[in-house]
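Visitor:
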Amino acid sequence: MSQAEPQTPVPVVAARNLCKTYQLGEQQVHALRDVSFEIHRGEFVAIMGPSGSGKSTLMNMIGALDVPTSGQLAIDGTDIGSLSRDELAALRNHTIGFVFQQFNLLARTSALDNVKLPLTYSRPRVADPEAIARRCLEQVGLGARMDHVPSQLSGGQQQRVAIARALVNSPSLILADEPTGALDSATSLEILQLFESLNAQGMTIIMVTHELDVAAHARRLLRVRDGKLVEDAPVNSPPAEVAA
Amino acid sequence: MTLAEFIATAMIALRRNVLRSVLTTLGIIIGVGSVIVMSAIGTGASKQIEAQIASLGTNQLTIFPGSMNVGGRQGGAGSAPPLTEKDLRAIRENVTGLVAAAGNMNGSATVVVGNTNWQTQINGSSAEIQAVRDWPLTSGRFYDAVEAAAGRKVAVLGATVARELYGEADPVGTNVRLNNVPFEVIGVLSVKGQAGGRDQDDVIIVPLATARSRLVGRVRVPDEIGQILVKVDDRYEVSEVQADLERVLRQRRRVAPNAMDNFSVRNFAEFLATRDATARTLSLLLASAAAISLIVGGIGIMNIMLVSVTERTREIGLRMAIGASGSDILGQFLTEAVLLCLAGGFIGLTLGAGVSILISTLFGWPVYISPAVVLMAIFASASVGVIFGFVPARRASQLNPIEALRYE
Chain A
1 MSQAEPQTPV PVVAARNLCK TYQLGEQQVH ALRDVSFEIH RGEFVAIMGP
51 SGSGKSTLMN MIGALDVPTS GQLAIDGTDI GSLSRDELAA LRNHTIGFVF
101 QQFNLLARTS ALDNVKLPLT YSRPRVADPE AIARRCLEQV GLGARMDHVP
151 SQLSGGQQQR VAIARALVNS PSLILADEPT GALDSATSLE ILQLFESLNA
201 QGMTIIMVTH ELDVAAHARR LLRVRDGKLV EDAPVNSPPA EVAA
Chain B
245 MTLAEFIATA MIALRRNVLR SVLTTLGIII GVGSVIVMSA IGTGASKQIE
295 AQIASLGTNQ LTIFPGSMNV GGRQGGAGSA PPLTEKDLRA IRENVTGLVA
345 AAGNMNGSAT VVVGNTNWQT QINGSSAEIQ AVRDWPLTSG RFYDAVEAAA
395 GRKVAVLGAT VARELYGEAD PVGTNVRLNN VPFEVIGVLS VKGQAGGRDQ
445 DDVIIVPLAT ARSRLVGRVR VPDEIGQILV KVDDRYEVSE VQADLERVLR
495 QRRRVAPNAM DNFSVRNFAE FLATRDATAR TLSLLLASAA AISLIVGGIG
545 IMNIMLVSVT ERTREIGLRM AIGASGSDIL GQFLTEAVLL CLAGGFIGLT
595 LGAGVSILIS TLFGWPVYIS PAVVLMAIFA SASVGVIFGF VPARRASQLN
645 PIEALRYE
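Going down the list, the protein sequences come from chains A and B. Using my numbering, you'd call the opening residue of the first sequence number 1 and step up by one each time. Using my numbering, you'd call the opening residue of the second sequence number 245 and step up by one each time.
1. Check ALA568 (chain B) in the structure and name its three-state DSSP category.
2. Below 8 angstroms CB to CB, which residues in the same chain sit around VAL482 (chain B) once its five sequence neighbours on both sides are set aside?
3. So for VAL314 (chain B), helix, strand or coil by DSSP?
4. Using a C-beta to C-beta distance shorter than 7 angstroms, which residues of chain A count as neighbours of LEU562 (chain B)?
5. What three-state label does DSSP hand MET283 (chain A) in the structure shown?
6. Hey, which unbroken runs of the alpha helix (DSSP H) at 4 residues or more fall wholly within the segment 482 to 508 of chain B?
7. Based on the DSSP output, what are the partners of MET349 (chain B) in its beta bridges?
8. What residues of chain A sit near GLU580 (chain B), judged by a beta carbon separation below 8 angstroms?
9. What is the rounded straight-line gap between the Cα of MET255 (chain B) and the Cα of GLU580 (chain B)?
10. Going along the chain, which residues of its own chain have a beta-carbon closer than 6 angstroms to the beta-carbon of ILE274 (chain B), five neighbours each way excluded?
11. Quick one: what does DSSP say SER2 (chain A) is sitting in, helix, strand or coil?
12. For the segment 59 to 72 of chain A against the segment 13 to 30 of chain A, are there 3 or more C-beta pairs whose distance is under 8 angstroms?
13. Does ALA565 (chain B) come within less than 9 angstroms of chain A when only Cβ atoms are used?
14. Would the segment 588 to 607 of chain B count as touching the segment 141 to 150 of chain A if we require 3 or more Cβ pairs under 8 angstroms?
15. ASP66 (chain A) touches chain B at which residues, Cβ-Cβ below 8 angstroms?
16. Below 7 angstroms CB to CB, which residues in the same chain sit around THR180 (chain A) once its five sequence neighbours on both sides are set aside?
17. Taking DSSP's pairing of strands, which residues face PRO309 (chain B) in a bridge?
18. Which residue marks the beginning of the beta strand (DSSP E) containing PHE427 (chain B), and which one marks its end?
19. Out of A:LEU173, A:CYS136, A:ILE62 and A:ALA107, which one is the CA nearest neighbour of SER151 (chain A)?
20. Once the 5 residues before and after VAL314 (chain B) are set aside, which same chain residues still bring their CB inside 8 angstroms of it?
21. Taking the C-alpha atoms as reference points, what is the distance between SER36 (chain A) and VAL13 (chain A)?
22. Checking contacts by CB at 9 angstroms: is ASP79 (chain A) closer than that to chain B?
23. Using the beta-carbon of each residue, which ones in chain B are nearer than 7 angstroms to PRO118 (chain A)?
24. For ALA399 (chain B), which option in B:VAL390, B:TYR410 and B:PHE386 has the closest C-alpha, if you only look at C-alpha atoms?
25. What's the gap between the Cα of PRO171 (chain A) and the Cα of THR109 (chain A)?
26. May I ask you to list the residues that DSSP assigns as paired with VAL447 (chain B)?
27. Would a check of beta-carbon distances place GLY570 (chain B) closer than 9 angstroms to chain A?
28. Excluding the five sequence neighbours on either side, which residues of its own chain have a C-beta within less than 6 angstroms of the C-beta of ASP147 (chain A), listed in chain order?
29. Given a threshold of 16 other Cβ atoms within 10 Å of its Cβ, counted over all protein chains shown, does ARG241 (chain B) qualify as buried or as exposed?
30. Consider the Cβ of PRO239 (chain A): report whether some Cβ of chain B lies at a distance smaller than 9 angstroms.
31. Does DSSP put VAL168 (chain A) in a helix, a strand or coil?
32. Would MET245 (chain B) count as contacting chain A if we go by Cβ distances under 9 angstroms?
33. In this structure, does DSSP put GLU652 (chain B) in helix, strand or coil?
34. Looking at the structure shown, is PRO239 (chain A) part of a helix, part of a strand, or coil, going by DSSP?
35. Per DSSP, what kind of secondary structure is HIS94 (chain A) in: helix, strand or coil?
36. Take GLU428 (chain B) as the anchor and find which of B:ALA389, B:ALA568 and B:GLY384 has the nearest alpha-carbon.
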């Protein structure tokens with residue numbers, strides 16, 4: 001699958017002249033125009049942009065939920081443009097860990113079973129899903145609450161379960177969509193610190209947000225506006241109180 | 245996903261809304277339940293009739309005086325001259341292809357043994373009756389033609405009568421009183437079972453002449469016979485022998501060439517066979533009517549599954565995002581539908597069996613639940629699940645994960 005050039009390692013995400021066009025009635029909407037970038041192993045990248053900027057479209061493609069109209073997007077060296085629905089599903093299962101704003105945990109299902117869920121869709125089957133799920137829950141600090149159902153957990157705890165679920169398949173990257181959007185600021189900070197520590201352990205993290213102080217926890221910032229990549233720069237920590 | 249995981253996932257989803265699950269399967273429950281009850285009654289009836297046919301034998305004919313046809317009301321019982329010993333003799337002498345012919349007269353009597361008594365049917369019969377009815381003895385002997393002609397007071401007990409009056413003891417050699425007339429018991433008949441809703445073993449057989457003079461009240465002619473029973477030899481065609489019999493009797497009873505018979509010949513086994521066919525057709529008809537409610541039930545399942553898919557759009561989106569393939573989602577919802585239907589099928593099966601047993605105890609109807617019908621009911625409910633679960637499951641599997649995740 002990977003056609004790695006001899007010197008440089010295969011980027012986790014490689015976008016080249018990425019375009020996405022939607023047909024809305026008579027009108028053609030250019031959600032993304034000619035976007036190119038690379039994200040490498042171990043990076044912590046924030047993607048920012050106002051609503052309607054094409055940020056969500058970009059995120060869907062990095063998450064292998066959508067395919068480009070033209071240009072190329074390779075995840076772990078695999079060009080997603082040529083994949084079928086089921087191949088995309090398998091790719092998501094093996095290489096991407098999703099974290100959502102609304103957590104998206106299954107109700108009335110224990111934290112442990114929620115974390116195990118991606119493993120039930122894995123092919124080939126993993127040997128001991130239970131043990132892996134337990135390890136992931138311990139990793140996010142929820143070792144004592146494995147049998148709790150979502151309604152018995154606080155928002156921050158639910159998002160930790162979701163992060164454990166994202167980790168369970170040992171993905172190449174974690175894709176977080178506004179992961180603190182439903183949390184208060186103290187809890188948000190805890191979640192962002194968890195991401196930072198995961199990143200410190202070598203996990204690649206891509207986080208979509210519209211808040212600058214959230215993005216400030218990342219080490220690289222991609223800004224999207226009007227479907228174009230307008231900024232690609234390292235984050236200067238600590239963040240300035242520039243914009244609201 | 246493995247089948248076990250599909251089932252576990254489906255169980256969680258179904259348990260989330262128990263009341264809805266139960267209501268959804270109600271159509272299947274009623275459908276399967278009524279198919280079971282209908283077929284249990286139908287099969288039971290037809291099995292009983294078949295047993296009666298076997299106990300009667302298909303080559304036995306019964307001759308009654310007068311026409312008993314529905315259309316021949318003017319020739320009803322009593323209006324025609326009775327059958328007599330002369331008719332019986334004419335049959336014995338002139339009809340070919342008979343194993344035996346016997347006269348018979350029915351009455352009833354109170355049997356008294358010591359201080360036990362029992363009300364039973366009395367058959368006054370020629371000695372040949374045993375050959376005609378193919379009825380072996382378990383003990384003692386049957387009377388012969390000489391004893392019968394002499395009007396001896398001997399009695400052969402049916403199995404039920406013997407059991408009721410003597411229990412385990414052997415009645416042979418003892419005396420019974422029939423309507424206060426003492427009779428010597430010379431034999432006990434083997435068990436023949438039920439026929440036409442009557443216990444054939446609740447009977448005492450005595451010589452015809454004895455019955456005529458001692459037990460049956462009024463006789464219109466001195467040598468009157470109630471019915472004549474004949475057994476056709478296996479080597480002859482029953483219908484041909486019957487035609488011969490009718491010709492002999494018309495001649496003997498002086499029926500004018502264009503007049504209707506003043507007697508009727510019946511083949512009870514054939515009559516029962518017709519009834520059996522009718523019962524089968526009727527139960528098949530009722531069972532297929534019940535099967536329609538399975539289809540209605542299936543539509544209910546489809547409806548609720550469509551609602552469920554809509555309600556759980558986000559869940560479907562999530563499952564797809566974390567790697568569920570189209571067939572994973574299809575399998576999940578199909579499993580749910582099939583499990584719902586199977587559960588309904590099993591509940592319906594249990595209810596249907598319960599109602600059948602209840603009917604059998606309350607009304608005394610014979611019921612029989614055949615394993616084939618049980619298997620068919622389970623298979624049918626699973627099929628309903630697959631057929632009506634497919635459309636909702638396919639809709640779920642084709643959702644766009646991006647839109648599904650954003651739903652609500």
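Just so it is clear, CB atoms sit at the ideal spot from N, CA and C, and this is done for glycine as well.
Guide: On the basis of the coordinates in this document:
1. Here the question's residue 568 (chain B) lines up with position 324 in the second sequence. In the structure shown, ALA568 (chain B) sits in coil (DSSP, three-state: anything other than H, G, I, E or B).
2. Counted from its first residue, the second sequence places residue 482 (chain B) at position 238. When the five nearest sequence neighbours on each side are left out, the beta carbons in the same chain lying within less than 8 angstroms of the beta carbon of VAL482 (chain B) are those of THR302, ASN303, LEU305, VAL476 and ASN511, in order along the chain.
3. Numbered from 1 along the second sequence, position 70 holds the residue referred to as residue 314 (chain B). The predicted position of VAL314 (chain B) is uncertain, since its pLDDT is 42 and thus under 50; no value can be drawn from it.
4. For the purposes of this step, residue 562 (chain B) is taken as the residue at position 318 of the second sequence. One finds ASN104 in chain A with Cβ atoms closer than 7 angstroms to the Cβ of LEU562 (chain B), taken in chain order.
5. In the structure displayed, chain A extends from 1 to 244; residue 283 (chain A) sits before or after that span and is not available.
6. Runs of the alpha helix (DSSP H) inside the segment 482 to 508 of chain B: 482 to 496.
7. Locating residue 349 (chain B) in the second sequence gives position 105, where the first residue counts as 1. According to DSSP, MET349 (chain B) bridges with B:GLY368.
8. Translated into positions along the second sequence, residue 580 (chain B) becomes position 336. Under the 8 angstroms cutoff, chain A gives no residues; its nearest Cβ is about 15 angstroms from GLU580 (chain B).
9. For the purposes of this step, residue 255 (chain B) is identified with residue 11 of the second sequence, where counting begins at 1. For the purposes of this step, residue 580 (chain B) is identified with residue 336 of the second sequence, where counting begins at 1. Looking at the two C-alpha atoms, the distance is approximately 7 angstroms.
10. By one-based count along the second sequence, residue 274 (chain B) stands at place 30. Excluding sequence neighbours, ILE274 (chain B) sits near SER537.
11. The residue labelled residue 2 (chain A) in the question sits at position 2 within the first sequence. Its pLDDT being 49, under 50, SER2 (chain A) is placed unreliably in this model, and the coordinates cannot settle the point.
12. yes
13. Here residue 565 (chain B) is taken as the residue at index 321 of the second sequence, counted from 1. With respect to chain A, the C-beta atom of ALA565 (chain B) has a partner C-beta closer than 9 angstroms.
14. no
15. One-based indexing of the first sequence puts residue 66 (chain A) at position 66. By Cβ distance, chain B contributes ILE646.
16. Translated into positions along the first sequence, residue 180 (chain A) becomes position 180. Cβ neighbours of THR180 (chain A) beyond the five flanking positions: SER188, ILE191, LEU192 and VAL214.
17. Stepping through the second sequence from its first residue, residue 309 (chain B) is reached at position 65. Partner(s): B:PHE507.
18. To locate residue 427 (chain B), count along the second sequence from 1; it is residue 183. 425 to 433 is the span of the beta strand (DSSP E), which, as asked, contains PHE427 (chain B).
19. On the first sequence, residue 151 (chain A) is found 151 positions in, with the first residue counted as 1. The option with the nearest alpha carbon to SER151 (chain A) is A:ALA107.
20. One-based indexing of the second sequence puts residue 314 (chain B) at position 70. Residue confidence is low: VAL314 (chain B) scores 42 on pLDDT, short of 50, so the model does not pin down where it sits. No coordinate-derived value is stated.
21. In the first sequence, residue 36 (chain A) corresponds to position 36, counting from 1. In the first sequence, residue 13 (chain A) corresponds to position 13, counting from 1. Rounded to the nearest angstrom, the two C-alpha atoms are 10 angstroms apart.
22. As a position in the first sequence, residue 79 (chain A) is number 79, starting the count at 1. Interface flag for ASP79 (chain A) against chain B is unset, since no Cβ pair is found closer than 9 angstroms.
23. Position 118 of the first sequence, counted from the first residue, corresponds to residue 118 (chain A). The contacting residues are ILE566 and GLY567.
24. If you number the second sequence from 1, residue 399 (chain B) lands on position 155. It is B:PHE386.
25. To locate residue 171 (chain A), count along the first sequence from 1; it is residue 171. To locate residue 109 (chain A), count along the first sequence from 1; it is residue 109. So the alpha carbons of these two residues sit roughly 23 angstroms apart.
26. Looking up residue 447 (chain B) in the second sequence gives position 203. B:GLN365.
27. Within the second sequence, numbered from 1, the residue matching residue 570 (chain B) stands at position 326. Chain A, which has a Cβ nearer than 9 angstroms to the Cβ of GLY570 (chain B), makes this yes.
28. As a first step, residue 147 (chain A) must be located in the first sequence, where it is residue number 147. Closer than 6 angstroms at the Cβ level, and outside the excluded window around ASP147 (chain A), lie SER110.
29. Residue coverage of chain B in this structure runs from 245 to 652, which leaves residue 241 (chain B) outside it and unanswerable.
30. Here residue 239 (chain A) refers to the residue found at position 239 of the first sequence. In this prediction, PRO239 (chain A) scores a pLDDT of 48, lower than 50, which makes its location untrustworthy; no coordinate-derived value is stated.
31. What you label residue 168 (chain A) is simply residue 168 of the first sequence in a count that begins at 1. Reduced to three states, the DSSP call for VAL168 (chain A) is coil.
32. Along the second sequence, read from residue 1 onward, the residue named residue 245 (chain B) stands at position 1. By this cut-off, MET245 (chain B) is an interface position.
33. By 1-based counting over the second sequence, the position of residue 652 (chain B) is 408. In this structure, GLU652 (chain B) counts as coil in the three-state DSSP scheme.
34. For the purposes of this step, residue 239 (chain A) is taken as the residue at position 239 of the first sequence. The pLDDT assigned to PRO239 (chain A) is 48, lower than 50, so where the model puts this residue is not dependable; a value taken from the coordinates is nonetheless given after this. Note: PRO239 (chain A) maps to coil in three-state DSSP.
35. Working through the first sequence from its first residue, we reach residue 94 (chain A) at position 94. DSSP places HIS94 (chain A) in helix when its eight states are reduced to three.
36. The residue given as residue 428 (chain B) occupies position 184 in the second sequence. GLU428 (chain B) has its Cα closest to that of B:GLY384, out of B:ALA389, B:ALA568 and B:GLY384.
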